[in-house]
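K.L.:
This is the structure I want to talk about, given as structure tokens.
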Amino acid sequence: MTLPDAAYETPVALRTGRRFTMADVVAMSESFEGCHPQEVIGWAVEEFGARLSLSASFADTLLIDLAVGVHPDVEVVFIDTGFHFAETLATVRRAMVRYSLNLTVLRPLPTAADLWAHGTDTCCGSRKVAPLERHLVANADAWMSGLRRDDSPTRANAPIVDLDLRGLVKINPLAGWSSSEVKQYILANDVLINPLAADGYPSIGCWPCTEPAEASDPRAGRWVDSQKTECGLHS
Ligand code: SF4
């Protein structure tokens, strides 16, 4: 019996992982400056195969739209903190219909801290960072996020390729895109937008920690009246 050619191929999940040093990712990141995000995503898919995840907040489906255009089965991860706006959950449902997503929903442990009793840092650590970390450490060598330098001054130097604190490769394909490039792509491709954006929310997280903000300072509505600017996912 002759096996089809595909039967002799090594399954993607069994590929031997290449270890990346900081020097590797710095060089890679610099080489991607000015490239279209889909070139970056294409490299990530080729390099990491099934051990690549995309973390999505569903403020919009920009990164998802770009990624599924490269690889329709890319794993999309949504962290269901238990505190999302109904509009965000509705955007997840719309995206499922539109893209037939390979979606993994991560949830905090039943004993997870919450902001009312434990404060926002502990709550984010327990409800966002820990579930993603558990998933990535077990299943991924690399992950992608929609982080952009335009988001806030604290993100102004975000690289396109980085190493996170766990030693996983973190890829920000949109890092170099300006707000006008984002708008142009969204309009041209009818990208899904969380309805809260039209109500003045340019950045959308959990409802207790998100308020409307000026478009010129999109993350100003997150953790208002506190020094906190990030949930910890991008540390
Ligand atoms: S954004 Fe607020 S509610 Fe959501 S995990 Fe962080 S502290 Fe908790």
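Each residue of the sequence shown is one higher than the one before, counting from 85 in the working numbering. Each residue gets a CB set at the ideal place from its N, CA and C atoms; glycine is no exception.
What is the DSSP secondary structure of Glu-171, counted as helix, strand or coil?
P.N.:
In the structure shown, Glu-171 sits in a helix (DSSP, three-state: H, G or I).
K.L.:
In or out: Gly-305 buried (at least 16 other Cβ within 10 Å) or exposed?
P.N.:
Buried is the call here.
K.L.:
Just mark Trp-307 as buried or exposed, buried being the case when its beta carbon has 16 or more other beta carbons within 10 Å.
P.N.:
Buried is the call here.
K.L.:
With 16 as the cutoff for other CB atoms within 10 Å, does Ala-97 come out buried or exposed?
P.N.:
Unreliable placement is indicated for Ala-97, whose pLDDT of 47 sits below 50; no coordinate value is reported for it.
K.L.:
Could you give the DSSP three-state label for Phe-116: helix, strand or coil?
P.N.:
Three-state DSSP puts Phe-116 in a helix.
K.L.:
Need the endpoints of the beta strand (DSSP E) that Ile-277 sits in, please.
P.N.:
Careful: Ile-277 lies outside any beta strand (DSSP E) and carries neither H nor E.
K.L.:
Does any heavy atom of the ligand SF4 sit closer than 7 Å to the C-beta of Gly-325?
P.N.:
Here the chain has residues from 85 to 319 only, and residue 325 is not among them.
K.L.:
Less than 8 Å between the C-beta atoms of Ala-128 and Leu-136, yes or no?
P.N.:
Contact flag set, yes.
K.L.:
Could you give the uninterrupted runs of the beta strand (DSSP E) lying entirely in the stretch 125 to 150, keeping only those of 3 residues or more?
P.N.:
Counting whole runs of 3 or more residues, the stretch 125 to 150 contains the beta strand (DSSP E) stretches 136 to 139.
K.L.:
Please determine whether the Cβ atom of Arg-135 lies at a distance below 7 Å from any heavy atom of the ligand SF4.
P.N.:
No, the ligand SF4 has no heavy atom inside 7 Å of this Cβ.
K.L.:
Quickly, what does DSSP pair Lys-254 with across the bridge? List them, please.
P.N.:
For Lys-254, which the question treats as bridged, DSSP gives the partners Trp-227, Asp-246.
K.L.:
Could you tell me the alpha carbon to alpha carbon distance between Val-189 and Leu-216, rounded to whole angstroms?
P.N.:
Rounded to whole angstroms, Val-189 to Leu-216 spans 10 Å at the Cα level.
K.L.:
Ala-214 and Cys-207 - do their beta-carbons sit closer together than 8 Å?
P.N.:
No; because the gap between Cβ atoms is not below 8 Å, this pair is not in contact.
K.L.:
In the DSSP assignment, find the beta strand (DSSP E) that holds Leu-199 and state where it starts and stops.
P.N.:
No beta strand (DSSP E) contains Leu-199, which is instead part of the alpha helix (DSSP H) from 199 to 202.
K.L.:
With which residues is Ile-163 paired in a DSSP beta bridge?
P.N.:
Answer by DSSP bridge pairing, in chain order: Leu-190.
K.L.:
Quick check: what's the CA-CA separation for Gly-166 versus Pro-121?
P.N.:
Whole-angstrom Cα-Cα distance: 31 Å.
K.L.:
Quickly, what does DSSP pair Arg-239 with across the bridge? List them, please.
P.N.:
Arg-239 pairs with nothing; no bridge assigned.
K.L.:
List the DSSP bridge partners of Thr-294.
P.N.:
BP columns for Thr-294 point to Arg-306.
K.L.:
Are Leu-173 and Glu-159 closer than 8 Å when you measure CB to CB?
P.N.:
Their beta carbons are not under 8 Å apart, which means Leu-173 does not touch Glu-159 by this criterion.
K.L.:
How should Gly-260 be labelled, buried or exposed, when 16 other C-beta atoms within 10 angstroms of its C-beta is the threshold for buried?
P.N.:
The residue is buried, with at least 16 neighbouring Cβ atoms inside 10 Å.
K.L.:
Regarding Leu-173 and the ligand SF4, is the C-beta to nearest heavy atom distance less than 7 Å?
P.N.:
Answer for Leu-173: no, Cβ out of range of the ligand SF4.
K.L.:
Given Tyr-269, which residues of its chain have a CB within under 6 Å of its CB, disregarding the five upstream and five downstream residues?
P.N.:
Answer for Tyr-269: no residue qualifies.
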